[in-house]
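Counting from 73, one number per residue, gives the positions in the sequence shown under the numbering used here.
Everything on this sheet refers to the single structure shown next.
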Amino acid sequence: MLIAGTAIILGLLFGLSGCNQTEDANIVTWPVDSNCNLHTEACTAQMGEAEATLKISPHPLPIARPLGIEVAVKHLEIESIELDISGINMYMGYNRVPLSADGTNRYIGTSMLAFCTSQTMQWQITLMIHQKDGTQIQIPYLLETVNR
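Structure (structure tokens):
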């Protein structure tokens, strides 16, 4: 009985780790542009000829208020795009929204930064671009907010 239980647990662990490795093989993460400030401007990331511009409004970005999201892309074969907002210095829950196509190579949506009890909050905002060939491009942006 002990041997069968151990075999089942090892099989599950091996199976789950294999799923994760397969999924990660199709993800390409672009470098962070730490010089861009989403509080004041749109940020453009480039990799070769491919380009994605993220604009979030209003400026500066408010906490616990609706945010308008606009993404413009060039030289990418888009299946869908999502925007993920995650806390770096504190877990803030799942906050991922799909963006809707609004014309050629333009995607829009709404999201919000959750209110946090910490005075200063660091965020990672990630564009998750699902391409038609099955690969996913992740473009991370960093943001800091201060409770006022």
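The beta carbon of each residue, even a glycine, is placed where N, CA and C say it ideally should be.
The model shown is predicted, which means the values in this text are computed figures rather than measured ones.
When the options are compared against residue i, the one with the closest alpha-carbon
i    : options                   : result
S230 : T116, P138, N177 and D174 : Residue 230 is absent from the model: the chain starts at 73 and stops at 220.
I211 : S183, S129, E149 and L155 : L155
Y213 : L126, S172, G120 and Y166 : L126
S190 : I160, P138, D205 and I209 : I160
Q118 : K146, L171, Q203 and S172 : K146
Alpha carbon of residue i to alpha carbon of residue j, nearest angstrom
i    : j    : result
E142 : A136 : 18 Å
G181 : G140 : 6 Å
I153 : Y179 : 8 Å
T112 : L133 : 8 Å
P103 : I197 : 13 Å
R168 : P138 : 14 Å
I150 : K204 : 6 Å
Cutoff 8 Å: residue i Cβ touching any chain D Cβ
i    : result
N109 : Any reference to chain D falls outside this structure, which holds one protein chain only.
heavy atom of the ligand PLP below 7 Å from residue i C-beta
i    : result
L133 : Of the ligands one can find in the structure shown there are none, so the ligand PLP has no counterpart to examine.
Nearest-angstrom Cβ-Cβ length linking residue i and residue j, presumed shorter than 8 Å
i    : j    : result
M200 : M162 : With 8 Å as the limit, M200 and M162 do not qualify as a contact, their Cβ atoms being about 21 Å apart.
Residues that DSSP places opposite residue i in a beta bridge
i    : result
I160 : For I160, which the question treats as bridged, DSSP gives no partner whatsoever.
Y213 : I197
Inset, instruction - Return the chain-ordered ranges of every beta strand (DSSP E) run that is complete within the segment 177-206 and spans a minimum of 3 residues. - result: 178-183 and 192-203
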